[in-house]
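Here's the structure we're looking at; comments come further down.
Residue numbers (the numbering used here): 87 to 1132.
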C-alpha cells in the first residue's frame, strides 16, 4: 500500500523516522517503523540545536535537529548484472548499509521470495533487475556520534530470556534508521529458475526487452500493478512500483510525473541496535537472538517459541559412547538376512533414551568394525525448553509389537527377513518421543524388524488440530531391497521437494553428515540409507519435535520424517511443528554412497594397480632422498630465485626442531615477482597512507602493534622480488596505512571506504584477475572490516592480517583460510635482535618471581577478568597488576618487558579479538606463552610446531586448575620449550628478505603458494595466439581506460 499523503506530510513522516527502530526482516515501508511506544526514538538527538530543512518543491520543515541533514536526489535508470542469489542479496544489503549475505525483507519482497532463504537460494539460478529510480531528496543522520537512549539500554535483558528478548525485538526492532531516500521507483525484476538453461547473456537480453517495452511504452499504455508477476519455465518476471500514483493502468511516462506529488520511501540506511550496546549487560544475548531472528525469520509473533527451541542439539548415543576398538564378536545375536547365503545385518537392540528432552531428528547408522550392525540414533535438544513441562507417560512405554501380518513387508525375498511397517504413535495426543529401540522377533521361520518408541507427555499443552500421516503408508515402491522410512504425522499434506545439490548447508557440527564411516564403503550401504532426517531453525517456523514414526519398505533403509501439531501452553497459542521427512525415490545406482556392486578386478587389473602403486612410492622416495642430499645456495641476484633461509632439509625434518621444511608442491626456491604500487601512481592511494590532508607521517604509523602495515610496505620496496613491470608480476601489493590513519583522525570510516573504491576502480590489473593477485595488509583485529565494502571488492584478494577469527563487534571473520595469510604482530624494535641489542634481557628461570603473569587491560572480557580475580587469590603465583597502557601514567616499554620477563609463563587471553601481541613478545623475554584464546590462528603453521614452543589451554577452564597444571611442569621441560622458542622467534622479526630468517621471508613463502599460473576472471578471455583480451576482444595491454568495478 502506497503512503498516499501530500508531499509536505510525507517529508514530516520521513524526517520523524530518523532514529526510530526498524525490523529489517520486513519490507521497506514508513508504516513499519517502530512508533507504537510513547517515546519511540531510540537514539539521542540534540533538540536544543535545530535548523529548518528546505526540500525540493519549496517544502520547509522547521525545528529539525542539526544532526539531520538533507541532500538533493537524482533520477536514473539502472540495470543490474545477472547475479547469483547470494551476490544479489549482498548487493541489496550494501544499499541498506548492512553487512553479510542473509536476505533482507526488501530483497525477499521484490523478488517474491519466502523467508526460507536456503530453499530459495537452492531453487534460484540467477537474479537481475532493470528500473527507474527517482530520488527527490535524501535525509540522513550525521554518523559522528550516535548513542542509544537510556530507556533502550535498560530494556536489554541481562540473561537469556526468550520472552524478554522477543518483546525487545518486537518493540524496538533490530536496527535504527539513520537515512532515507524519498521518491519513487518502477522496476522489472527477473528470477531465473534452477531448471532453466538460459545463459546470463540471454537473461540480460530478455530483461532489457521487457524493461524497454515497459518504460518506453512501445506497444501499449497499460501499466502493471505493483504485485503482478508472470512466470514461465525459465524466468519469473515481477513488476514493482513504489511512490507516485497507484493507478495500475497508468503508463510509465505518466507515472513519472506523479512521483513529486505522492513520494514514498524507496531506500533506507540502518545501523544495528547491538552495535550501540557496548558495555551494556546482556548485549551478547540480544545480539545472538537478533542474529537468529534475521537468519531464519520466524513470524515475529512466534519469536518467543522459536528462541526457546534454539538450544544445542546432540545425538544419542554420543559418538564417544560407541565402541571404537575391535570387537571379539558381535554383542547382539539379533540379525536380519536378505537372501540365501547372503550377508547378515546385525541389529543393535539397545534402548536409546534421551531422558526428558524433546527429540528433533533420527537416523539409521551402521556400527561395528565392519559396519554391519544396524542402530537407531536420536537427535535431541540438550535441555528442555522452559515452555515445556514433560512427564513420563505411565501408559506409554516402548510401543508394542504389531501382530497384524498385513504390516510385514519382505526385505528382498519373502522367505527371509521382513520389516514391520506399522505406524507407531502414542494413545495420548500430547505425547512426544523421548526414546527408541530396534527389535528383532521371530514369527514362524521369519525374522521381523520392529521399531519401538518411548513417549513422554507434555503436560501444559492441548491439541487444537489432529495430525495426519505425511504420505501414504502403501505408496512406497517394493523393489525387494530394504527401505525403512521412519515417517510420522504431519498436519498438512504438503510434500517437501527433494533437496538439490546446491542446498545451503549451515551445519557447523564436527560431523555434519553424521559420525565418520570407514574409508571403504560398507556393503550394507546398498540396503541402508544413513542420511539424517532432522529439521531445525532453518525450517520454518524453526521449532520441531518428533511424536511418532514408522518403518516403510522401499529400496534402501532410509531415515525419518516427523510430525506437526498445534498446542496451547498456559493460555498462549504456540505451534509445535514436527519434522516432515522426505522419502526420496532411491534409484538402484546410489552413486552418492557408492552402493552399487563392488568392482571385480581380474588378475591383470590387480597387477596393474600394484605396479602403479609401487612406481609412485619409489618415485616419491627417490625425490625425497635427492632433496635431502642437496642444499640450494642462496642467490644474491635480484633476478634469481632465493632459497628459503639457510636451514637444510635434514634439519627441518628433525622432529626435535620446532621448524619443519616447507612443502606442498611449491618447490625449494622462492621465485616471486611482486609489483608495488607507488603512492602517487593511483589517485586516492596517498589519502589511504597519509590521510585527507596528507599530515599523517610514516614514522608515526610504524610504531605500535599495527606497524606491520608500514614495515611490509617498506621491505617490499627494497625486496629483491620486486618488479617494476606490471605485465611480468605474479602479485600486486597495494600499500595502505588505514588503521593508523583512522586512529590518528586522518580519515573516518566513510572516507576510507570511498577512497578504497576510488583506488580500485583505477586499477585495470585488479579487474583483469578479479583481485585474486592483489595483496592488502590489515594489521589489527578488525581485519578487512576497516574497508566497509571489503566483501564486495576484496572477496578474492589476498589479505595479510594477524587476526584469523573475528572481533566481538563483527558477526563473522573477514579471514579466509584458503586465500588469506596470518602474519606476526609488530614486536617493539627494541626487543628484536635484528635491530641490535635488546632493551631488556631474559633472566634465568630460577630467579623469576612468578609462575605466570598477565599484563594487559581487562577490557570487560570474561577470560581477562577471571585472570585478574585469580591473581588476587594467588598473588604469589600470578602477577596481574592494574597497568595503565595509555595516558600520562602509561607504563614505559622497558618497565613493561621487565614485568613480562619475571615469570615462567606469559598468559595470552583473548581480548576484543583472538590474536594478541603478547604471544609474540613472550619469545623475546623467553617465557613460555600460554594461549587462552580458543579460536586463535597462528602464523606459518606449515613450518612451526607450536606444541613444542607454547601451551594452549581452554578459555573455559581458567581457574586454579590452570595454575596447578603450570606448576606441575618441571623446569627442564620449560627450558626445552624456551630453547625451541629461540629457533622460531626470528620469524617474528620484520627484517629484509636477504636475512636467513625473518617474518618477511615467511610471508613470501606463504605468498608463493597463492600465485596462480593463469589469472582468470569473468572479464578475461584468450585467443589461440595466447593473447589476453577483454569482452570487446581488445588486447589487455591496449586498453585505454580502466573498466569500472561491479
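In this text, a Cβ means the ideal position worked out from N, Cα and C, and glycines have one as well.
Output needed for residue 928: all residues of its chain with C-beta closer than 7 Å, excluding positions within five of it in sequence on either side, in chain order.
Cβ within range, chain order: 987, 1011 and 1012.
Taking residue 208 as the reference, give the member of 171, 226, 390 and 185 with the closest Cα.
Ranking 171, 226, 390 and 185 by Cα distance to residue 208 puts 171 first.
With a threshold of 8 Å, are at least 3 pairs of Cβ atoms found where one atom belongs to the region 348-359 and the other to the region 295-303?
No, they do not touch.
Please name the residue or residues paired with residue 478 in a DSSP beta bridge.
Partner(s): 542.
For the region 882-966, list the beta strand (DSSP E) runs that are entirely contained and at least 3 residues long, ordered along the chain.
The region 882-966 contains these whole beta strand (DSSP E) runs: 884-887 and 936-939.
Identify which residue in 235, 336 and 321 has its Cα closest to the Cα of residue 363.
For residue 363, the nearest C-alpha among the options comes from 235.
Determine the DSSP secondary structure at residue 448, reduced to helix, strand or coil.
Residue 448: strand per DSSP, three-state reduction.
Measure the C-alpha to C-alpha separation of residue 873 and residue 902 and round it to an integer number of angstroms.
So the two alpha carbons sit approximately 16 Å from each other.
Using CA atoms only, rank isn't needed, just tell me which of 187, 180 and 174 is closest to residue 211.
It is 174.
Give a yes or no on whether the C-beta atoms belonging to residue 420 and residue 433 are separated by under 9 Å.
For residue 420 and residue 433, yes; Cβs fall inside 9 Å.
What residues in its chain sit with their C-beta under 8 Å from that of residue 382, if we drop five residues either side in the sequence?
The answer, listed in chain order, is 201, 392, 623, 624, 626 and 628.
Can you tell me whether residue 767 is buried or exposed? The criterion is at least 16 other CB atoms within 10 Å of its CB, across all chains shown.
Exposed, because fewer than 16 other Cβ atoms sit within 10 Å of the Cβ of residue 767.
Let me make sure I understand the geometry here. Which of 508, 242 and 223 has the alpha-carbon closest to that of residue 258?
Measuring from the Cα of residue 258, the nearest candidate turns out to be 242.
Using a 10 Å radius around the Cβ and a threshold of 16 neighbouring Cβ atoms, would you call residue 290 buried or exposed?
Buried.
Since residue 229 and residue 353 should fall inside the 8 Å C-beta cutoff, what is the C-beta to C-beta distance between them, to a whole number of angstroms?
Not really, about 17 Å apart at Cβ, beyond 8 Å.
The alpha helix (DSSP H) that contains residue 828, what's its start and end?
824-829 is the span of the alpha helix (DSSP H), which, as asked, contains residue 828.
Helix, strand or coil for residue 264? Go by DSSP, reduced to three states.
If DSSP states are grouped into helix, strand and coil, residue 264 belongs with the strands.
Residue 651 to residue 536, Cα distance in whole Å?
Here residue 651 scores only 38 on pLDDT, less than 50, and its place in the model is too uncertain to base an answer on.
Would you mind working out which of 223, 285 and 216 sits nearest residue 272, comparing C-alpha positions?
Nearest option by C-alpha distance: 216.
Which one of 1057, 847 and 493 has the shortest CA to CA distance from residue 771?
It is 847.
Taking the alpha helix (DSSP H) that residue 146 falls in, what are its first and last residues?
Looking at the DSSP string, residue 146 is not in any alpha helix (DSSP H); the run it does join, the beta strand (DSSP E), is 145-151.
State the Cα-Cα distance for the pair residue 385 and residue 541, rounded to the nearest angstrom.
Cα to Cα, residue 385 sits roughly 29 Å from residue 541.
Rounded to whole angstroms, what's the CA-CA distance from residue 793 to residue 763? Just pull it up for me.
Cα to Cα, residue 793 sits roughly 19 Å from residue 763.
Does the Cβ of residue 1033 have 16 or more other Cβ atoms within 10 Å, making it buried, or fewer, making it exposed?
Answer is exposed; the Cβ neighbour count stays below 16.
Go through its chain and collect everything with a Cβ distance to residue 168's Cβ below 6 Å, but skip five positions before and after it.
Contacts found: 212, 214, 286, 289 and 290.
Relative to the alpha-carbon of residue 390, which residue among 452, 250, 347 and 103 has its alpha-carbon at the smallest distance?
Nearest C-alpha to residue 390: 250.
With H, G and I counted as helix, E and B as strand and the rest as coil, what does DSSP make of residue 550?
Confidence in residue 550 is poor, its pLDDT being 46 and thus under 50, which makes the residue's placement unreliable; the coordinate value appears in the next sentence. Coil.
Quick one: give me the first and last residue of the beta strand (DSSP E) that residue 494 is part of.
Residues 494-496.
Among 1053, 761, 1005 and 1108, which residue has its Cα nearest to the Cα of residue 849?
Selected option, being the one with the closest Cα: 761.
State yes or no: is the C-beta of residue 520 within less than 9 Å of the C-beta of residue 442?
Yes, the pair counts as a contact, with Cβ atoms nearer than the cut-off.
Using the three-state DSSP reduction, which class does residue 584 fall into: helix, strand or coil?
At residue 584 the pLDDT is 45, less than 50, meaning the model places this residue with poor confidence; the figure from the coordinates comes in the next sentence. Three-state DSSP puts residue 584 in coil, outside helix and strand.
Between which two residues does the alpha helix (DSSP H) containing residue 375 stretch?
Start and end: 369-382.
For residue 773 and residue 799, what's the separation of their Cα atoms in angstroms?
Roughly 16 Å separates the two Cα atoms.
Would you mind listing the alpha helix (DSSP H) stretches within the region 1054-1104 that are 4+ residues and don't spill past its ends, in chain order?
Runs of the alpha helix (DSSP H) inside the region 1054-1104: 1057-1070 and 1085-1096.
Just tell me which of 124, 880 and 219 has its CA closest to the CA of residue 326.
For the residues 124, 880 and 219, the minimum Cα distance to residue 326 belongs to 219.
Using the Cβ count rule (16 or more neighbours within 10 Å means buried), how would you classify residue 1108?
With fewer than 16 Cβ atoms within 10 Å of its Cβ, residue 1108 is classed as exposed.
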